[in-house]
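Take a look at the structure set out below.
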Amino acid sequence: MKQPLFTGSGTALITPFHADGSVNYEAFERQLDFQLKNGTDALFVCVTTSETPTLTQDEYENLIRIAVDKSKGHVPVVAGAGSNSTAHSLELALCAQEIGAQAVLLVTPYYNKTSQAGLVRHFTYVADRIDLPVLLYNVPSRTGCNIKPETYRELANHPCIAGTKEANGDISAIAETIALCGDDLPVFSGNDNQVIPILALGGKGVVSVFSNILPRQMHDIAAGYLEGKQEQSLHEFLSWLDLMNALFYDVNPIPVKEAMNRMGMEAGPCRLPLTDMAPAAQEKLLAVLKRHSLI
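If you read the sequence shown in this note's numbering, its first letter stands for residue 84, the second for the next number, and so on.
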């Protein structure tokens, strides 16, 4: 049996940028303060929502260091260390470990589209060579690569593989994974709009985009459900479901940054190749934000 790295809600943090495209580190510190004051149970830095593929190595290291210094061990800092090169993924993981992250998040290798056997070897190679818990990340819509339930069962045997962020969208497959792995592999929802179904199946929490703007609400939904307040959590989840969906009207993190900027939070622009939100999608997002009196 493996104890989950955290329970409740972790936030997949955006990286705030200035208008000139440089990292706004001061805004990032304020964002971390906001998260820590509002119940977030884990901080995920330099991940997909952080626009990590566009970060330099120095920016990557600085963001992790700031998060580690801010959290002071109160909540785990999970650093993204995914790459489609196994050797590069290990380099990133060792870097995050040296800085002081409590765990690393490894997305499936993208573009290469490896086999299931290749996935096992990739994740095992990194996990064997670091001293941190490894969380897997399955998001085939972005990577073109899907971890199958039976592959999860094999990976769950590794003592350092501490769980998975599941964003494949297939509740049936996620249920099969949980049935096969049980307490050997804590499962976290990687989709805000599936947090309640995955918790109901035995999941341990969520890694959330929505919580960039409303961390307390997502914490209450996830932690409340796990604490036995299922009816209350379901009610709150359904009340925010339209906004959770609206944050994916365009490619993540474009909509959440748009929402944050409109709400007075310093997210700034995205870096190319991501662009401003498409006008039609922006109009729909703003309507949802207004409906909830957030702008």
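Backbone N, C-alpha and C define an ideal beta-carbon position, used for all residues, glycine too.
Here the structure is a predicted model, which is why all the values come from computation and not from measurement.
query: N295 versus I213 - alpha carbon distance; result: 29 Å
query: Three-state class that DSSP yields for A305 in the structure shown; result: helix
query: Beta-carbon proximity list for Q114, same chain, < 7 Å, skipping 5 on both sides; result: L96 and P99
query: Sufficient close CB pairs (3 or more, under 8 Å) joining the segment 198-209 to the segment 161-170; result: yes
query: Through-space distance from R345 to I230, alpha-carbon basis; result: 37 Å
query: Chain-order list of residues whose beta-carbon lies under 8 Å from that of F89 (same chain, five-residue window excluded); result: D124, A125, V158, P159, K287 and G288
query: Sub-7 Å separation of V290 and K248 beta-carbons; result: yes
query: Reduced DSSP category for A179 - H, G, I as helix; E, B as strand; rest coil; result: helix
query: Alpha helix (DSSP H) segments (min. 4 residues) lying fully within the segment 150-237; result: 169-182, 199-210 and 223-226
query: Rounded separation between E134 and N240 - CA only; result: 31 Å
query: Residue interval of the alpha helix (DSSP H) (run including I281); result: V278 to A283
query: Run of the alpha helix (DSSP H) containing T94, from where it starts to where it stops; result: From DSSP, T94 is part of no alpha helix (DSSP H) but of the beta strand (DSSP E) over G91 to A95.
query: For A239, three-class secondary structure by DSSP; result: coil
query: DSSP three-state assignment for S291, whether helix, strand or coil; result: strand
query: CB of L215 within 7 Å of CB of A186, strictly; result: yes
query: Of the residues A361, Y143 and E112, the one placed nearest E174, counting alpha carbons only; result: Y143
query: Spatial distance of L324 from V270 (CA atoms); result: 21 Å
query: Exposure of T139, with buried meaning 16 or more beta-carbon neighbours within 10 Å; result: exposed
query: C-beta atoms of A305 and S92 nearer than 7 Å; result: yes
query: Inter-residue spacing [alpha-carbon to alpha-carbon] between Q199 and D303; result: 36 Å
query: Rounded C-alpha distance that separates L119 from A179; result: 20 Å
query: Exposure of A363, with buried meaning 16 or more beta-carbon neighbours within 10 Å; result: exposed
query: Best match in V190, A176 and E237 for proximity to S224 [C-alpha to C-alpha]; result: V190
query: Whole-angstrom C-beta distance between I147 and A162, which should lie under 8 Å; result: 5 Å
query: First and last residue of the uninterrupted alpha helix (DSSP H) at S255; result: I254 to C264
query: Span separating the alpha-carbon of D267 from that of V278; result: 20 Å
query: Those residues which DSSP pairs with V270 across a bridge; result: T247
query: Length of the line joining the Cα atoms of T94 and G347; result: 19 Å
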